[in-house]
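Trainee: A single structure is presented below for examination.
2 protein chains.
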Amino acid sequence: MPHTLRQKIADLVINGELKPGDRLDEHSLADRFGVSRTPIREAIRQLGASGLIEIRPRRSAVVRSFDRAELSEAFEAMGEIEALCASLAAVRMNEAERLKLRALMAASQDVSLRNDRPAALEMDFEFHGLLHDGARNRMLKTVAEETRLRITPYSAALFMMEGYNADLERPHQQHAAIADAVLAGQGKEAARLMREHIAQALISLQQFFEDTQSRSDAPKVKGEVR
Amino acid sequence: MPHTLRQKIADLVINGELKPGDRLDEHSLADRFGVSRTPIREAIRQLGASGLIEIRPRRSAVVRSFDRAELSEAFEAMGEIEALCASLAAVRMNEAERLKLRALMAASQDVSLRNDRPAALEMDFEFHGLLHDGARNRMLKTVAEETRLRITPYSAALFMMEGYNADLERPHQQHAAIADAVLAGQGKEAARLMREHIAQALISLQQFFEDTQSRSDAPKVKGEVR
DNA sequence: TAAAGAAAAATTGCATACAGTTTTTATGTT
DNA sequence: AACATAAAAACTGTATGCAATTTTTCTTTA
């Protein structure tokens with residue numbers, strides 16, 4: 056998989072080097088990746104269309120930021136989309152995929168006990184990816200992944216911030232319950248648990264931002280949550 | 056609303072001048088819109104990211120085409136997304152929006168009786184747009200509109216082809232039933248009717264393609280349905 | 001010291017040019 | 001006439017340059 060320029064720039068956002076509100080300077084990016092501004096601009100436009108960054112005429116593109124209301128709307132939408140994936144996956148996943156899911160849950164338990172946050176983030180990604188594939192619907196998979204991509208900076212924060220989401224146990228248990236329902240072919244129940252899981256994630260995130268923002272010393276990092 | 060280049064090119068697809076599988080020649084488009092290739096390329100990349108067209112390295116971009124399976128997956132996904140919009144709109148629309156919906160349904164009945172297909176296509180667009188707004192969720196609205204955009208060439212065909220979807224009465228009646236449920240605040244029922252409505256649309260579309268493709272004289276227009 | 005305005009620097013938007021591929025047309029062979 | 005091959009044309013990918021706009025810095029004034 057030869058990392059495209061588009062992916063390289065997206066990675067800057069995904070790994071947190073660029074945060075919501077940060078500007079994307081075409082010249083710096085061009086220097087950094089050893090190309091001219093032309094392909095950089097094309098990549099930025101693509102990321103703009105996928106909603107990861109915001110394009111403003113005549114002004115630098117910035118990493119997209121969500122205010123409180125938008126964040127809660129995004130999570131509501133994502134909750135429903137992921138719930139749909141889960142309910143379809145419960146009925147449509149094949150044996151190989153079910154085996155993979157079981158293996159992932161075992162590995163994930165291990166990781167959550169060791170409190171390995173980067174690994175947990177990775178497994179969260181894989182867990183949802185398995186359900187996106189298991190739903191056997193390419194359009195739905197595209198939609199689900201785009202939605203996740205858009206809120207990437209926020210969901211990553213959720214996993215990485217020590218103290219919030221104090222241990223990784225609860226999200227892991229939620230995943231485990233969802234996996235059980237999926238493997239048992241109980242679509243309705245899987246969907247219900249998924250909605251709950253995503254709703255919980257939003258609450259943790261809101262909690263986190265409330266705490267970090269109310270500290271008046273914090274220099275109100277631009278773009279965090281407006 | 057100063058039509059952007061991106062919108063101008065999208066319009067070529069939406070109004071049917073460019074069909075699925077057709078190539079987008081950068082030079083011709085540049086000449087046509089009186090600009091250089093640079094902004095054309097940027098617009099094409101954006102449309103590629105939104106999924107209306109397909110970008111192939113070193114080869115011309117083409118209007119995206121769906122095979123049978125992809126089309127049915129797209130409609131399944133769209134059905135669920137639209138159903139979600141409808142069920143939320145039933146609970147969240149305000150009085151002004153409900154009035155607009157009632158007005159639209161009256162106008163739509165008129166149009167369907169006169170068998171005015173272009174107008175019916177327009178009203179279909181507005182009907183779903185009202186529900187997207189009524190759901191009070193910007194992320195969901197974005198997702199719903201992107202999904203609709205992707206299958207635009209196919210849903211437009213559905214409305215325009217005489218003989219198929221023989222009269223406009225049935226889709227109008229379906230819209231009316233959905234609107235009634237929404238206005239009565241019955242989200243579950245609105246969702247159910249919406250799913251049915253979209254499923255019907257897929258069936259009509261498949262019917263249409265089956266008939267047009269089985270005629271062996273038809274030169275197998277590239278990109279229609281593979 | 002703070003605010004307002006002007007000058008300088010930085011940055012985006014777009015046209016153009018050219019190298020490298022792909023596509024089309026022309027040519028030759030069985 | 002059909003197929004394979006070669007030459008020509010067309011097209012995409014990217015670098016570069018310049019005009020227009022935005023952002024930053026510097027200067028002036030209250």
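As they're listed, the protein sequences go chains A and B.
Just add 55 to wherever you are in the first sequence, counting from 1, and you've got my numbering.
Just add 55 to wherever you are in the second sequence, counting from 1, and you've got my numbering.
Note that the Cβ used here is the ideal one computed from N, Cα and C, for glycine as well.
Here the structure is a predicted model, which is why all the values come from computation and not from measurement.
#1: On the premise that Thr93 (chain B) lies in contact with Ile136 (chain B), defined as a C-beta separation below 8 Å, what is that separation, rounded to the nearest angstrom?
#2: Does any residue of chain A bring its CB to less than 8 Å from the CB of Glu135 (chain B)?
#3: Give me the Cα-Cα distance between Arg87 (chain A) and Leu248 (chain B), rounded to the nearest whole angstrom.
#4: What would DSSP say about Leu84 (chain A), mapped onto helix, strand or coil?
#5: Here's a check: name, in chain order, each residue in its chain whose Cβ is nearer than 7 Å to the Cβ of Asn192 (chain A), leaving out the five neighbours to either side.
#6: Please list the segments of the alpha helix (DSSP H) lying wholly inside the stretch 170-242 of chain A, counting only runs of 4 or more residues, in order along the chain.
#7: Who are the near neighbours of Arg147 (chain A) in its chain, counting only those whose CB is closer than 8 Å to its CB and skipping five residues on each side?
#8: Decide if the stretch 74-88 of chain B is in contact with the stretch 79-86 of chain A; the criterion is three or more beta carbon pairs, one per stretch, under 8 Å apart.
#9: Which value, in whole angstroms, describes the spacing of the CA atoms of Met216 (chain A) and Glu265 (chain B)?
#10: Counting pairs of beta carbons, one from the stretch 226-238 of chain B and one from the stretch 164-184 of chain B, are three or more of them closer than 8 Å?
#11: Report the residue from B:Ala245, B:Gln261, B:Ala175 and B:Tyr209 whose alpha carbon sits nearest the alpha carbon of Arg225 (chain B).
#12: Is Ser105 (chain B) close to chain A, meaning its C-beta is less than 8 Å from at least one C-beta of that chain?
#13: What residues of chain B sit near Met194 (chain A), judged by a beta carbon separation below 8 Å?
#14: My guess is that Ala254 (chain B) and Gly134 (chain B) are in contact by the Cβ rule of under 8 Å, so how many angstroms apart are they, rounded?
#15: Helix, strand or coil: how does DSSP classify Ser120 (chain A) here?
#16: Determine the burial state of Ile20 (chain A): buried for a count of at least 16 other Cβ atoms within 10 Å of its Cβ, exposed for fewer.
#17: Are the beta-carbon atoms of Thr121 (chain B) and Ala256 (chain B) separated by less than 8 Å?
#18: What residue range is occupied by the uninterrupted alpha helix (DSSP H) comprising Arg96 (chain A)?
#19: Short of 8 Å in beta carbon distance, which residues of its chain neighbour Gly106 (chain B), apart from the five on each side in sequence? Order them along the chain.
#20: According to DSSP, which residues form a beta bridge with Arg147 (chain B)?
#21: As a quick exercise: from B:Ile64, B:Ala162 and B:Ala141, pick the residue whose alpha carbon is nearest that of Glu251 (chain B).
#22: Please state if the CB of Met160 (chain A) and the CB of Ala234 (chain A) are separated by a distance shorter than 8 Å.
#23: Which residues in the same chain have their Cβ closer than 8 Å to the Cβ of His58 (chain B), if we skip the five residues on either side of it in sequence?
#24: Excluding the 5 residues preceding and the 5 following Val166 (chain A) in the sequence, name in chain order all residues of the same chain whose CB lies nearer than 7 Å to its CB.
#25: I'd like the span of the beta strand (DSSP E) that includes Arg111 (chain B), first residue to last.
#26: Go to Lys63 (chain A), then tell me how far its alpha helix (DSSP H) extends in each direction, as first and last residue.
#27: Let me confirm a value: Gln101 (chain A) is counted as buried when at least 16 other C-beta atoms fall within 10 Å, else exposed. Which label applies?
#28: Any idea if Ser271 (chain A) is buried or exposed, counting beta-carbon neighbours within 10 angstroms, 16 or more meaning buried?
#29: Measuring alpha carbon to alpha carbon, tell me which of B:Gln164, B:Asp171 and B:Arg153 ends up nearest His187 (chain B).
#30: Does the beta carbon of Glu177 (chain B) come closer than 8 Å to any beta carbon on chain A?
#31: Measure from the alpha carbon of Met194 (chain B) to the alpha carbon of each residue in A:Ala116, A:Gly71 and A:Ala124, then state which is nearest.
#32: Just to confirm, are Gly240 (chain A) and Ala162 (chain A) a CB contact at a threshold of 8 Å?
#33: Between the Cα of Arg172 (chain A) and the Cα atoms of A:Glu150, A:Pro208, A:Leu213 and A:Pro112, which residue gives the shortest distance?
#34: Taking Cβ positions only, does Leu139 (chain A) come closer than 8 Å to chain B?
#35: I need the straight-line Cα distance from Arg111 (chain B) to Gly103 (chain B), nearest angstrom please.
Mentor: For this structure:
#1: On the second sequence, position 81 is the one that residue 136 (chain B) refers to. On the second sequence, position 38 is the one that residue 93 (chain B) refers to. Their Cβ separation, rounded to whole angstroms, is 35 Å, which puts Ile136 (chain B) and Thr93 (chain B) out of contact at 8 Å.
#2: What you label residue 135 (chain B) is simply residue 80 of the second sequence in a count that begins at 1. Output row for Glu135 (chain B): interface = yes.
#3: Here the question's residue 87 (chain A) lines up with position 32 in the first sequence. Here the question's residue 248 (chain B) lines up with position 193 in the second sequence. Distance between the alpha carbons of Arg87 (chain A) and Leu248 (chain B): 53 Å.
#4: Numbered from 1 along the first sequence, position 29 holds the residue referred to as residue 84 (chain A). Looking at Leu84 (chain A) - three-state DSSP - the assignment turns out to be helix.
#5: Position 137 of the first sequence, counted from the first residue, corresponds to residue 192 (chain A). So the list reads Leu143, once near-sequence residues are dropped.
#6: 172-189, 193-205, 207-215 and 224-238
#7: Indexing the first sequence from 1 puts residue 147 (chain A) at position 92. Once the five neighbours on either side are set aside, the close Cβ partners of Arg147 (chain A) are Gly189, Ala190 and Arg191.
#8: no
#9: Mapped onto the first sequence, residue 216 (chain A) falls at position 161. Mapped onto the second sequence, residue 265 (chain B) falls at position 210. Approximately 55 Å, taken between the alpha carbons.
#10: yes
#11: Start at 1 with the first residue of the second sequence, and residue 225 (chain B) comes out as number 170. Minimum Cα distance to Arg225 (chain B) is reached at B:Ala175.
#12: Counting from one through the second sequence, the residue named residue 105 (chain B) turns up at place 50. For Ser105 (chain B), the answer is yes, since a Cβ of chain A falls inside 8 Å of its Cβ.
#13: By 1-based counting over the first sequence, the position of residue 194 (chain A) is 139. Within chain B, the residues near Met194 (chain A) are Glu125, Glu128, Ala129, Glu131, Ala132, Met133, Thr202 and Arg205.
#14: Counting from 1 along the second sequence, the entry for residue 254 (chain B) is found at position 199. Counting from 1 along the second sequence, the entry for residue 134 (chain B) is found at position 79. Right, the Cβ-Cβ distance comes to about 6 Å (below 8 Å), so this counts as a contact.
#15: Within the first sequence, residue 120 (chain A) is the residue found at index 65, counting from 1. Ser120 (chain A) falls in the coil class under three-state DSSP.
#16: With chain A represented from 56 up to 281, any question about residue 20 (chain A) goes unanswered, as that position is not in the structure.
#17: On the second sequence, residue 121 (chain B) is found 66 positions in, with the first residue counted as 1. On the second sequence, residue 256 (chain B) is found 201 positions in, with the first residue counted as 1. Reading off the sequence, residue 121 (chain B) comes out as Phe, not Thr. Not in contact: Phe121 (chain B) and Ala256 (chain B) (Cβ atoms no closer than 8 Å).
#18: Indexing the first sequence from 1 puts residue 96 (chain A) at position 41. Note, Arg96 (chain A): alpha helix (DSSP H), Arg92 to Ser105.
#19: Taking the first residue of the second sequence as 1, we reach residue 106 (chain B) at position 51. Arg119, Glu201, Leu204 and Arg205, listed in sequence order.
#20: Looking up residue 147 (chain B) in the second sequence gives position 92. Arg147 (chain B) pairs with nothing; no bridge assigned.
#21: For the purposes of this step, residue 251 (chain B) is taken as residue 196 along the second sequence, with counting starting at 1. Per the Cα distances, B:Ala141.
#22: The residue given as residue 234 (chain A) occupies position 179 in the first sequence. The residue given as residue 160 (chain A) occupies position 105 in the first sequence. In this structure, Met160 (chain A) lies closer than 8 Å to Ala234 (chain A) by Cβ.
#23: In the second sequence, counting from the first residue as 1, residue 58 (chain B) sits at position 3. Cβ neighbours of His58 (chain B) beyond the five flanking positions: Asp66.
#24: Taking the first sequence and counting its residues from 1, the one referred to as residue 166 (chain A) is at position 111. Only Ala174, Ala175 and Met178 meet the Cβ criterion.
#25: Numbered from its first residue, the second sequence carries residue 111 (chain B) at position 56. Arg111 (chain B) -> beta strand (DSSP E) spans Ile108 to Arg111.
#26: The residue given as residue 63 (chain A) occupies position 8 in the first sequence. Where Lys63 (chain A) is concerned, the enclosing alpha helix (DSSP H) stretches over Leu60 to Ile69.
#27: Within the first sequence, numbered from 1, the residue matching residue 101 (chain A) stands at position 46. Result: buried.
#28: Counted from its first residue, the first sequence places residue 271 (chain A) at position 216. Reliability of the predicted coordinates at Ser271 (chain A) is poor, the pLDDT of 41 falling under 50, and no value is obtained from them.
#29: Along the second sequence, one-based indexing puts residue 187 (chain B) at 132. Nearest option by C-alpha distance: B:Arg153.
#30: Stepping through the second sequence from its first residue, residue 177 (chain B) is reached at position 122. No, Glu177 (chain B) lies away from the interface with chain A (no Cβ there is under 8 Å from its Cβ).
#31: The residue labelled residue 194 (chain B) in the question sits at position 139 within the second sequence. Out of A:Ala116, A:Gly71 and A:Ala124, A:Ala124 has the C-alpha closest to the C-alpha of Met194 (chain B).
#32: Within the first sequence, numbered from 1, the residue matching residue 240 (chain A) stands at position 185. Within the first sequence, numbered from 1, the residue matching residue 162 (chain A) stands at position 107. The answer is no: Cβ separation not under 8 Å.
#33: As a working note, residue 172 (chain A) is residue 117 in the first sequence. When only C-alpha atoms are compared, the closest one is A:Leu213.
#34: The residue labelled residue 139 (chain A) in the question sits at position 84 within the first sequence. Yes, because at least one Cβ of chain B sits closer than 8 Å to the Cβ of Leu139 (chain A).
#35: Indexing the second sequence from 1 puts residue 111 (chain B) at position 56. Indexing the second sequence from 1 puts residue 103 (chain B) at position 48. Approximately 10 Å between the Cα atoms of the pair.
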